[in-house]
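Novice: Protein sequence lines, in the order shown, are assigned to chains X, R and F.
So for the first sequence, the numbering used here puts the first residue at 3; every next one is plus one.
So for the second sequence, the numbering used here puts the first residue at 996; every next one is plus one.
So for the third sequence, the numbering used here puts the first residue at 303; every next one is plus one.
We put the CB at the ideal spot given by N, CA and C, even for glycine.
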Amino acid sequence: MLRLKKLAKTYRTGDKALRDVDLEVPTGQVLALIGPSGAGKSTMIRCINRLVEPTGGEVWVDDLEITRLGAGALRRARRQMGMIFQEYALVERLTVMENVLSGRLGYVGFWRSFARKYPQHDVDEAFRLLDRVGLLHMADKRADELSGGQRQRVGICRALIQNPKLLLVDEPTASLDPKTSRQIMRLICELCEERGLAAIINIHDVALAQMFVSRVVGLRAGAIEFDGPPEALTSDVLTTIYGEEDWEATIRKVDDDEDVPAPDFEGAE
Amino acid sequence: MPVSERNGTQVWQRRTQGESLVRWFGWLIGVAVFLYCWQQISDATTWFFVWDAPRIAGDIWERATPPRWEYITQLGRPIWDTLNIATLGTLIALCLAVPVAFLAARNTTPSALFIRPLALLIIVSTRSINSLIWALLLIAIIGPGVFAGVVAIAIRSIGFCAKLLYEAIEEIDHTQVEAITATGASRWQVMAYGIVPQILPAFAGIAVFRWDINIRESTVLGLVGAGGIGLQLQASLNVLAWPQVSLILLVILAAVILSEWVSAKVRGAII
Amino acid sequence: MSGTIAHRELGDLLGRQWRKPPFIRNPWLRWALLIGSFGYLVAAFATIEVNWSRVYEGLERGGQFVLAFTSPDFVSRGADIWKGMMESIVMTVAASVVGIAISIPIGLGAARNIAPLPVYLVCRAIVAISRALQEIIVAILLVAIFGFGPLAGFLTLSFATIGFLSKLLAEDIEAMDRAQAEAIRASGARWLQWINYGVQPQVLPRLIGLSMYRVDINFRESAILGLVGAGGIGATLNTAFDRYEYDTAAAILLLIIGIVMALEYLSGIIRAKVQ
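1) Under DSSP, the alpha helix (DSSP H) around ILE47/X begins and ends at which residues?
2) From the DSSP output, in three-state form, read off ILE416/F for me.
3) Identify the residues that DSSP records as bridge partners of ASP172/X: which are they?
4) Rank ILE326/F, PHE456/F and LEU361/F by C-alpha distance to the C-alpha of ILE1036/R and give the top, closest one.
5) Does the stretch 1113-1128 of chain R come close enough to the stretch 1186-1193 of chain R that 3 or more CB-CB pairs lie under 8 angstroms?
6) Less than 6 angstroms between C-beta atoms, sequence neighbours within five positions excluded: which residues of the same chain meet that for LEU199/X?
7) Where do the ends of the beta strand (DSSP E) carrying GLY220/X lie?
8) Would you call the stretch 1037-1050 of chain R and the stretch 439-449 of chain F touching, i.e. three or more CB-CB distances under 8 angstroms?
9) Nearest to VAL399/F by CA position, among GLY1025/R, ARG1050/R and LEU1116/R, is which residue?
10) Looking only at DSSP bridge pairs, what is THR97/X linked to?
11) Hey, out of THR458/F, ALA483/F and GLY490/F, whose CA is closest to ALA396/F's CA?
12) Considering only DSSP beta bridges, list what GLY58/X is partnered with.
13) Do you know offhand how far TYR90/X's Cα is from GLY360/F's?
14) By the DSSP assignment, the alpha helix (DSSP H) with ARG21/X in it spans what residues?
15) List the residues of chain X whose Cβ lies closer than 9 angstroms to the Cβ of PRO937/R, in chain order.
16) Please report the distance separating the alpha-carbon of SER1241/R from that of SER104/X.
17) List the residues of chain X that GLY317/F touches, going by C-beta distances under 8 angstroms, in chain order.
18) Give the interface partners of TRP1129/R over in chain X, defined as CB-CB distance under 8 angstroms, in chain order.
19) Since ARG118/X and GLU100/X are thought to touch, with beta carbons under 8 angstroms apart, how far apart are those beta carbons, to the nearest angstrom?
20) Where ILE1087/R and TRP1206/R are concerned, what is the direct C-alpha to C-alpha distance, given to the nearest angstrom?
21) Return the CA-CA distance between GLY74/X and ASP65/X, expressed in angstroms with no decimal places.
22) Is the beta carbon of LEU132/X less than 8 angstroms from the beta carbon of GLN154/X?
23) Give the residues from the stretch 472-497 of chain F that approach chain R closer than 8 angstroms (Cβ to any Cβ), ordered along the chain.
24) Going by DSSP, name the residue or residues bridged to ILE86/X.
25) Sort THR1085/R, PRO1112/R and ILE1067/R by Cα distance to PHE1097/R and report the nearest one.
26) Taking just the CA atoms, how far does TRP1183/R sit from VAL215/X?
27) 8 angstroms is my cut-off, CB to CB: does THR1178/R come that close to chain X?
28) At least one CB of chain X closer than 8 angstroms to the CB of PRO252/F: is that the case?
29) Mind checking LYS575/F: buried by the 16 CB within 10 Å criterion, or exposed?
30) Output, in sequence order along the chain, the residues in the stretch 1219-1245 of chain R whose CB is closer than 8 angstroms to any CB in chain X.
31) Under a Cβ-count criterion, where at least 16 other Cβ atoms within 10 Å of its own Cβ denotes burial, should TRP1237/R be classed as buried or exposed?
32) Name the chain F residues whose beta carbon is nearer than 8 angstroms to that of TRP1075/R?
33) So is ASP258/X buried or exposed if we call it buried at 16+ other beta carbons inside 10 Å?
34) Chain X partners of ALA1187/R, CB-CB under 8 angstroms?
35) Can you find at least 3 beta carbon pairs, one from the stretch 491-503 of chain F and one from the stretch 553-566 of chain F, that sit closer than 8 angstroms?
36) Would you call the stretch 503-511 of chain F and the stretch 1101-1116 of chain R in contact, with 3 or more CB pairs under 8 angstroms?
This is the structure in structure tokens:
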């Protein structure tokens, strides 16, 4: 469903953020992308929907090559890729409902969106999604009145209302407390399964990644160092990705987490 | 080194000798420049009048009090004109300042090489020149009257509003814009959803702030013939009708205080 | 509608129109404001008398003026321009120095956290008067009292500087970090020592920045004081407009813009240095 071929990004400063990355993500697979800060995780996600222009290689979504698209075609392609951000990136002075509906911007014309006259099925879908994440009663609140976890759930709604085939998720839990982090990760993974979405989740919390996903890709200095199931993440592997450190505690934490109600697909462990 | 050895003991000084010397020299030049300027002013002054000033001031005060209260009936229309000059001028200025600000802000300008310097030039040139001078210029071009006043206020305010607005645009949170772009929104939709909501409070604050200043400025535009209450002030001064002058000054003072109060209230409500 | 939000169920909302909640909740107030402002605009536009034929004639002159910027004439009135500019600069420098010097004690006095109440009230009153009176009106009065010439302009600008700078300085002092000032006081410092060590270091950088900004404003204002006979380039500029000498006027305006830009650049450097 998503294929990256020799994807490369060199910034104008000369920093090589991505070095010829090859990756294939089948439909419905949730993939965690781990790696130290500056390894190119954010760049890779942003190169897929061209918020950052890649300097080389190809991005294929089904049969569409993204990197050569013109402005209009790129916008149509972006509609198929929902994105969720680290600091939620809600437009803070708009209401929750407007934020969710802004996910439909690629589908409606300018004046319609400007007058906030969205088609009825979009409005219904927005209400359904808000109900699904438990924020229906917040619909007319302004986004900056919400807590971090609530904001991220609105961000998820905004990505899902695009009706995407693929979710690009950039550090969804970095600004959240541990409990909310798990709730958000569980919600993202559940929704992906409900809708059969593929997802790439950037995450720096290795233990959290292992709990929820079926495949982990480790990035280091712009190149893939590891690609496999979460159980295969040994301390040797972590050392190659992150460098020398005592990893036992990190890995063991996963086993200690049994008191947390486990989502149904975590049974692989 | 501020710590030096002298006669075997350590002496701490705030600055080294060289630094102190430079500072003293700087102060010396400053004082000399100031004295020169004062000399120039003094040379151009007839000191006889200055020594006579207390008497003249007393004389004017005596003639100006009490104000001619009944003159206020003739001030209704000039006050209305003054309000219109300030309000319409501000509205026109805002309409023109918004595009200029978007062209001048680093993160929204279409071309940092050609269009941005042009927008900055518009901002600095309209801002550097006082509205009275714009009024003089416009009166020479389109004739005296309220219209010239409105245009003068509008032109003067473009640079002011655009400067504050483009600084606000440059400070917006970029990830919110990125998020809207990622949904596949068009350029204008990104503007309407990602940028405009973020700068709206700043915009409202700037508008009210400038309106307050414009009320002040439009009260004196009439001195050069651009309409408003300043016309009456000029006419009264020409015939040395001091009781009328004092009444007009009181009205202007009231207008200024009132506009400051209104703008403070509105800003409080918005932000 | 707004009161029932908490009890809404998904089923109630599906198929219903959604509207952005209005900025002003009260519909009466909202409509009154809308209609009121619309009515005002109509009335305002209706009462402006525009002589369109005069404006149309003026467009040509406006074009000439814009063209004059491409060939400004610094020479034929060179002596007048030089004299007026020097007078403006001299007034700016002298008034800024005196104004800043006076506004420091008044600013200290107008800060509630360091000044006793009677001093505070007196200083605040001075600030209020200075801010409420426009430069140009003050200039008219001072010209009437002291006669024509740069002295009236100098006094006007000094007076205006006091209102501007004292207010901002006082606000800055009121917003300063208490703990630092208390620490100095705790060492047994006298009042002046306390100001010197506890207050001055906190507010000095901003004071310098504001002073530079005020110098900039003073120069711009000095360009109009000539219109009422208080000295400076304004008189020359006025004459140039009266005689329709657009090329000379353009030259003067370019000089003003140039000097303002230079001052802004300079103040940027100085501000970066003191912070």
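Specialist: On the basis of the supplied data:
1) 43-50
2) coil
3) ASN204/X
4) PHE456/F
5) No, the stretch 1186-1193 of chain R does not touch the stretch 1113-1128 of chain R.
6) LEU169
7) 217-222
8) yes
9) GLY1025/R
10) Note: THR97/X sits in a beta bridge opposite ARG144/X.
11) THR458/F
12) ALA10/X
13) 55 angstroms
14) Here ARG21/X belongs to no alpha helix (DSSP H); instead the beta strand (DSSP E) covers 18-27.
15) Look at the range of chain R in this structure, 996 to 1266, and you will see that residue 937/R is not part of it.
16) If you take the alpha carbons of SER1241/R and SER104/X, they lie about 58 angstroms apart.
17) GLN122 and ASP126
18) None at all; the shortest Cβ gap to chain X is about 34 angstroms.
19) Contact between ARG118/X and GLU100/X holds: CB atoms are separated by about 7 angstroms, below the 8 angstroms threshold.
20) 11 angstroms
21) Rounded to the nearest whole angstrom, the CA to CA distance from GLY74/X to ASP65/X is 17 angstroms.
22) no
23) none
24) VAL171/X
25) PRO1112/R
26) 38 angstroms
27) yes
28) Absent from the model: residue 252/F. The displayed extent of chain F is 303 to 577, so no value can be given.
29) exposed
30) Under the 8 angstroms Cβ criterion, the stretch 1219-1245 of chain R contributes no residue.
31) With 16 or more other Cβ atoms within 10 Å, it is buried.
32) THR349
33) Low local confidence applies: a pLDDT of 44 at ASP258/X is under 50, so the model's placement there is unreliable, with the coordinate-based value given in what follows. Exposed is the call here.
34) Residues of chain X passing the Cβ test: PHE112, SER115 and PHE116.
35) no
36) A contact is defined here as three or more CB-CB pairs under 8 angstroms, and the stretch 503-511 of chain F fails this definition with respect to the stretch 1101-1116 of chain R.
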